[in-house]
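Novice:
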Amino acid sequence: MFVVVTFIATCIHVYASGYMHDELHDVTDHEVTLADGHHLHRPGRFPRFFQALSLFCFSMLGIVIAGNLAMVFIFWELVGICSWFLIGFYYERKSASTAANKAFIVNRVGDFGMLIGLMALWGALGTLQFADSRATGPDGAEVVQPGLFSLVRPAATGHALQVPDGMVKFAAADEVAKIAAGQPQNPAAAASEIAARVGDWRAMGLGNWLLFIAGLGIFCGCVGKSAQFPLFVWLPDAMEGPTPVSALVHSATMVAAGVYLVGRFFPVLTPDVLLVIAYCGAITLFIAATIALVANDIKRVLAYSTVSQLGYMMLALGVGGWVAGLFHLVTHAFFKSLLFLCSGSVIHACHTNDMRKMGGLAKVMPQTAGTMLVGCLAIIGAGIPFVIGLSGYYSKDAILAQALSFSQVNPRHSILFLAVAGGAFLTAFYMFRLWFMTFAGKPRDHHVAEHAHESPSVMVTPLLVLAVLAVVAGWTLPGGFGIANLLEQARPAGTAEGFALGAVTIPAEYKSHEGAIHVTATMTAFATALAGVVLAAAMYLWRIVSPDVVATIFRPIYSFLANRWYFDEIYHALFVLPAHGIARLASGIDTGLIDGLINGLAWAARQLAGIDAWIDRTIVDGLVNTTANATWNAGLELKKLQTGRLRQYVMFIVAGTVALFVLASMLFKSSLAG
Amino acid sequence: MEIGSLITGAITDTLDVSLPLFRVELAIAATIVLMLLCRMLPVLRRADSALIALGGAGFALWYAWCDLRGLPAAPWTLADAAAVPARQELFGGLLVFDSLTAAVRLLLAGFLVLYILFTKVSGIPDREDGADFYTLVFGGALGMCLMASANHLLMVFMAVEMASVPSYALAAILKGRKAASEAGLKYAVYGAGAAGIMLYGISLLAGVTGTCHLPSMAGEVARIVGEGGAGGEVLVLALGGLMVAVGLAFKLSAVPFHFWCPDVFEGAAAEVGGFLAVASKAAAVALLLRLAFTLGAPAAVPAAAATVVAGAGDVRHFMVYVIGLMAAVTCTLGNLAAYGQTNMKRLLAYSTIAHAGYLMMGAAAAVALMGVDAAGSRRAVAALVFYLATYLFMNLAAFAIVALLRNRLRSEEIASYAGLVRTSPGIVVATAVVLVSLIGLPPLAGFISKFLVFASLAEAIQAGAEKPLMLVLLVVGGVNTVISLFYYLRVLKVMTFDPPPADRAGEAFPLVSLPGAVVTALAVPVVLLGLFWSGLYAAAQLAGTFAS
């Protein structure tokens, strides 16, 4: 993963240095119209862009190498804030700043769940460390502090999933308190009694829900970051950012973070949680794929495709395909960044995102067209069955096989396999719809076509590199060297075997390689993909079936999809409007009631102060001034006494003595009389 | 008694008892002699008399410190400190050594050191006049030391005159200036008048009581007053007492014997003003306390009869009223008359008059508490000594600022200080510290001292000692503090708010300079003593132990 992130980030940095060269000097943004009717003219923000991009990559790598959920969370939030910077890079555009806010806020919803999960883990287990950590105890001996993984899957029981002691005790807090209260003098005995009863409690199912909450909470964070249903709405809007950002965000980094974390956290997740994940992935995959069918914005198609592919990955993880999910994550990273960079190249050439204005571009930009074709083939999982294929072929096959294996073990959940198969068909259709609309046929808009040109080599070179990788990433080289095998080696302890807890059974992943399942899966994948491509070609290349006619026939469905299942509208009605209402109410109370009260008080205070000021001015000041004048005058009078005439002074001595004597005789008449 | 044993006794008394406790005065006297000697011998004429004076003052300070440290009740008595008796009459009863003597002598010696340093920087006296100036200063200081330790009415008169006569000359030390000569003449004539009346009073007292030795006289007075007196003896005693009080009031510049004070301060150099305002006042307060406490407590009379005790009470009552009423009038008139003064030295003269009033209030409280609460009385004396110590810094700093500003601005008018804050902010800050401390606002030393004095008044009220008078004094003191705000702050207002005069002569006054260092050295203790005053107060309490 580390290699994938760094590699793709490097490609994108190189590519972005070409794409963003406009920012080196002053920029006139034609999409922003100022109040005076002119377009916004602003200084270039080249350094700022790369600052944010680099911080983004740093945070992403931080998530990847963090060995501790708390660290993950911190880098997680850093990624979130960087995405906010980058999506809102053209912050003068209202749509861009709104999209940035949307992405940020929606992610916060997910992170709220993640915090709950963190609290559940910390509260019950007291550690957020993934692996065991060694510390030197007070006696110098090495003490092993178990991490989350060994708590949930202790080595003693062969790494089988069990509810950790801490959670059991936490759930049985009443019992624990009772035992502890029973033996207040002997805490050691109480502790041993508690330890003895943990097994019984675990058998009673105490603590299951806590582990469930913890897993679900962590998954909530992943839902937000990986744009899963129901929090996927931010990702298509995030296309407002510059295209390299889209490529980075939607391939290797931000959205991958969620899948990566689910994979990282996989050992702790119970089958219940995995089932939730699987369904979540299935719903996402389906919804996003259907929306992508009708989108006309080239980047939006890719965005929904990303959401859909992320759904694949989640589903794969959810049905126990640890390697399958992460394998797809890696291959997807390559071909999706390739696709995004190609689309960026197209947009760079056409100065528009609208596919309806494109067409026939293969002639003017053959390299872009070729690499994009490779990307499309990779994403639909094209290949010659059982012989060789592009990277997507291998990863998608693995997912399909695991889903099939799962639905055989749990027949009630066989809809998951159908979702995967249907998704493969839809993927093939919309990807080739995109390619045909953009590159094949005749130019629809001459204005656009005339200006189109091949992109500079600094942009094309990464495309070529990524195209090669999109082809070969799934291959297993002689000697067994391949991404799938590497991942197999990295598999967390204890997850190779299938496991069950409650009603759901997770099949072991190797079972999906069994002949029957594997062949079925591969054939299904090939068939659905081929069907999708053929249908797309029929509609957009050979024009056997007119898309417009289809749209007219299925008018309600078309508009339903074109409006993205009305998710934005629903969220608007469900959350934004009530929030606005509450805000308006609060503001009304604030302005009407509280401000009124305060203003009234202020008015009353002013009146009182007025009265007080009058009293102060007329009575107090008058008194003070009178006194001051009196003392001043007295002082001046006293000054006059000081005549400076020596003769008078000497006389004053005599007079003073006499006065003193008179005073004394008056005061002490009785005693002096004798 | 044989003449031989009499002589032997006198020699023993002088050499073994008196002289060791007279070291401070001896050091001062020796310095005078040395300075005069240097003046006469051509070889030594070039010696800087200020340095000699500084050395002498340093010796005096060290001896005074040793004496105080050796007192029995001293909290910091050290092993090496030679013990001194709590009370010892010297020279056959002419002088007395006790804690008050020690404390006031320490104050005076300390003042001398600071004063010499300050005058050395301020430039008055110049090198030519130095020996004369410092001889006079030391002569005055010697008289003041004697005032603090006088135990005999003749000694009282001698001391007062010894302190006054050099002061007359000092007032006129600026030889070329008419105002200074006038000031000196006025001072001398006024002082002569006051001295005459005082001498008259002394002769009356001595005539009635048959002695000049104060403790003996106290017993006689108490007896006469207690018995009601025959043939108007009480009347004569009262008249004599009042006449002595006139002499004291002249030294204290208490109203109505303050007329000399503004004229002399205005005419004489600011340096002389500082000397008169600080040292002279401290000695006068010490003498007031000495007279009042000796006459009010006739301890020397053995087996005191009831009539004597009653008579002593009457004497105290009389003294408290004389001191208290004079204090109230002095304080109020001093503060009021300070309004509208345009000359800074004159303003400070009235300020010293007002402060004399506060000090006398404290003295009145101390005397009033004498018969009721000995501990309270000691605390009142301690408050006064504390007041004197802080007053030393505050007032010397004020006069130093006037003198050093005069060197720059060639003027002592308040108006010439206008807008000084713009060119010399440091000196204005120092002035503000000093003046605000003189007002008595926290957190400066002036606040603590004023608070302690008022606290002793309140203590007297609580103890029921002369309650109505004390109440009046407390109110008058409080009101006066408010009144005094005005004229002190007016100076600051002129310094800060008023625009500087267009024809300002002289340059800025940087605080980082030798004169600035002097001002800082005097102003900083004003702040520090306001914040950390317990040490000084402990020393002041030690000074109060004499009032047993």
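Just so you know, the sequences run in chain order A and B. If you read the first sequence in the numbering used here, its first letter stands for residue 24, the second for the next number, and so on. If you read the second sequence in the numbering used here, its first letter stands for residue 2, the second for the next number, and so on. Every residue gets a Cβ at the ideal spot worked out from N, C-alpha and C, and that includes glycine.
Where A/Ala214 and A/Ala203 are concerned, what is the direct C-alpha to C-alpha distance, given to the nearest angstrom?
Specialist: Going from the Cα of A/Ala214 to the Cα of A/Ala203 covers about 8 Å.
Novice: Quick one: which chain B residues come within Cβ less than 8 Å of A/Ala659?
Specialist: The question names Ala, but residue 659 of chain A is Leu in the sequence shown. What A/Leu659 touches in chain B: Tyr340 and Gly341.
Novice: Would you kindly work out how many angstroms separate the C-alpha atoms of B/Arg380 and B/Ala48, rounded to a whole number?
Specialist: Cα-Cα distance, rounded: 45 Å.
Novice: Under 8 Å by Cβ, that's how I've got B/Gly1 and B/Leu397 pegged, so tell me the actual separation to the nearest angstrom.
Specialist: Because chain B is modelled from 2 through 549, residue 1 of chain B falls outside the range shown and cannot be assessed.
Novice: Between the C-alpha atoms of B/Gly517 and B/Gly325, what's the straight-line distance to the nearest angstrom?
Specialist: If I take the Cα positions, the gap works out to 39 Å.
Novice: From the beta carbon of A/Leu669, is the nearest beta carbon of chain B less than 8 Å away?
Specialist: Yes, because at least one Cβ of chain B sits closer than 8 Å to the Cβ of A/Leu669.
Novice: Suppose you measure from the CA of A/Val643 to the CA of A/Thr650; what does that come to, to the nearest Å?
Specialist: Distance between the alpha carbons of A/Val643 and A/Thr650: 10 Å.
Novice: Let's test the definition: count the other Cβ atoms within 10 Å of the Cβ of A/Asn209 and tell me whether it reaches 16, buried, or not, exposed.
Specialist: It is exposed - the Cβ of A/Asn209 has fewer than 16 other Cβ atoms within 10 Å.
Novice: Please identify the residue among B/Gly531, B/Phe498 and B/Leu486 whose C-alpha is closest to the C-alpha of A/Trp655.
Specialist: Looking at the Cα atoms, B/Leu486 is the closest of the given residues.
Novice: Return the residue from the list A/Tyr417, A/Tyr589 and A/Asp155 that minimises the CA-CA distance to A/Val542.
Specialist: Checked all of A/Tyr417, A/Tyr589 and A/Asp155; the closest Cα to A/Val542 is A/Tyr417.
Novice: So which residues of chain B does A/Val673 contact, with C-beta pairs closer than 8 Å?
Specialist: Neighbours of A/Val673 on chain B, chain order: Val190, Tyr191 and Gly194.
Novice: Rounded to whole angstroms, what is the Cα-Cα separation between B/Asp374 and A/Ala657?
Specialist: Each residue's alpha carbon lies about 39 Å from the other.
Novice: If you reduce the DSSP assignment to three classes, tell me which class A/Ala69 lands in.
Specialist: A quick correction: the sequence has Phe, not Ala, at residue 69 of chain A. Of the three classes helix, strand and coil, the one that applies to A/Phe69 here is helix, per DSSP.
Novice: So, do the segment 365 to 372 of chain B and the segment 449 to 462 of chain B have three or more beta carbon pairs nearer to each other than 8 Å?
Specialist: Result yes; three or more Cβ-Cβ pairs closer than 8 Å.
Novice: Does the ligand MG have even one heavy atom less than 7 Å from the beta-carbon of B/Phe260?
Specialist: No copy of the ligand MG appears in this structure; indeed no ligand is present at all.
Novice: Once the 5 residues before and after A/Ala544 are set aside, which same chain residues still bring their CB inside 7 Å of it?
Specialist: Correct list, in chain order: Asp420, Leu423, Ala424 and Leu427.
Novice: Going along the segment 156 to 188 of chain B in order, which residues come within less than 7 Å of chain A, judged by CB to CB distance?
Specialist: Answer set for the segment 156 to 188 of chain B: Lys187.
Novice: For the putative contact between A/Ala147 and A/Phe193, defined by C-beta atoms under 8 Å, what is the C-beta separation to the nearest angstrom?
Specialist: About 4 Å; that satisfies the 8 Å criterion.
Novice: Leaving out the 5 sequence neighbours to the left and right, which residues in its chain are closer than 7 Å to A/Glu216 when beta-carbon positions are compared?
Specialist: These residues qualify, in order along the chain: Ile202.
Novice: Under 8 Å, Cβ to Cβ, is there at least one residue of chain A near B/Phe547?
Specialist: No, B/Phe547 does not count as interfacial toward chain A.
Novice: With C-beta atoms as the reference, is A/Gly343 less than 8 Å away from A/Leu297?
Specialist: Against a cut-off of 8 Å, the Cβ pair of A/Leu297 and A/Gly343 comes out as a contact.
Novice: When you compare each of B/Lys346, B/Ala287, B/Leu337 and B/Ser100 to B/Ala74 by their alpha carbons, which one comes out closest?
Specialist: Ranking the options by Cα distance to B/Ala74, first place goes to B/Ser100.
Novice: Going along the chain, which residues of its own chain have a beta-carbon closer than 6 Å to the beta-carbon of A/Met336, five neighbours each way excluded?
Specialist: Here the set comprises Val282, Gly348, His351 and Leu352.
Novice: Please look up how many angstroms separate the CB atoms of B/Val190 and A/Val677, rounded, as I've assumed it's under 8 Å.
Specialist: Not confirmed; about 13 Å, so no contact.
Novice: What separation, rounded to the nearest whole angstrom, lies between the Cα atoms of B/Ala301 and B/Ser254?
Specialist: Only weak support is given to the placement of B/Ala301: the predicted model assigns it a pLDDT of 48, under 50, and the value that follows is read from those uncertain coordinates. B/Ala301 and B/Ser254: Cα-Cα distance of roughly 31 Å.
Novice: Helix, strand or coil: which one does DSSP assign to A/Gln152?
Specialist: A/Gln152 falls in the strand class under three-state DSSP.
Novice: Does B/Pro257 get closer than 8 Å to chain A when you measure Cβ to Cβ?
Specialist: It does: the Cβ of B/Pro257 has a partner Cβ on chain A nearer than 8 Å.
Novice: Starting from the C-beta of A/Ser328, find all residues in its chain whose C-beta is less than 6 Å away, skip the five residues before and the five after it, and write them out in chain order.
Specialist: Answer for A/Ser328: Ala315, listed in chain order.
Novice: When the cut-off is 8 Å and only beta carbons count, does B/Tyr322 lie next to chain A?
Specialist: At least one chain A Cβ lies under 8 Å of B/Tyr322.
Novice: Classify B/Gln463 as buried or exposed, calling it buried when 16 or more other Cβ atoms lie within 10 Å of its own Cβ.
Specialist: So B/Gln463 counts as exposed.
Novice: May I have the straight-line CA-CA distance separating B/Leu348 from B/Leu493, to the nearest angstrom?
Specialist: One C-alpha to the other measures close to 13 Å.
Novice: So, is A/Ala696 buried or exposed, given that buried needs 16 or more other C-beta atoms within 10 angstroms?
Specialist: With a pLDDT of 46 at A/Ala696, under the threshold of 50, the predicted position of this residue should be treated as unreliable, though the coordinate-derived value follows. Flag for A/Ala696 reads exposed.
Novice: Tell me whether A/Val681 is buried or exposed, calling it buried when 16 or more other Cβ atoms sit within 10 Å of its Cβ.
Specialist: Its Cβ having fewer than 16 others within 10 Å, A/Val681 is exposed.
Novice: Residues in the segment 131 to 152 of chain A with C-beta within 7 Å of chain B's C-beta atoms, listed in sequence order?
Specialist: Residues passing the 7 Å Cβ filter: none.
Novice: Just checking, does the segment 231 to 248 of chain B make contact with the segment 184 to 204 of chain B on the three C-beta pairs under 8 Å criterion?
Specialist: Contact holds: three or more Cβ-Cβ distances are below 8 Å.
Novice: Taking only beta-carbon positions, decide if B/Met566 is within less than 8 Å of chain A.
Specialist: As shown, chain B starts at 2 and ends at 549. That puts residue 566 of chain B outside it, with no answer to give.
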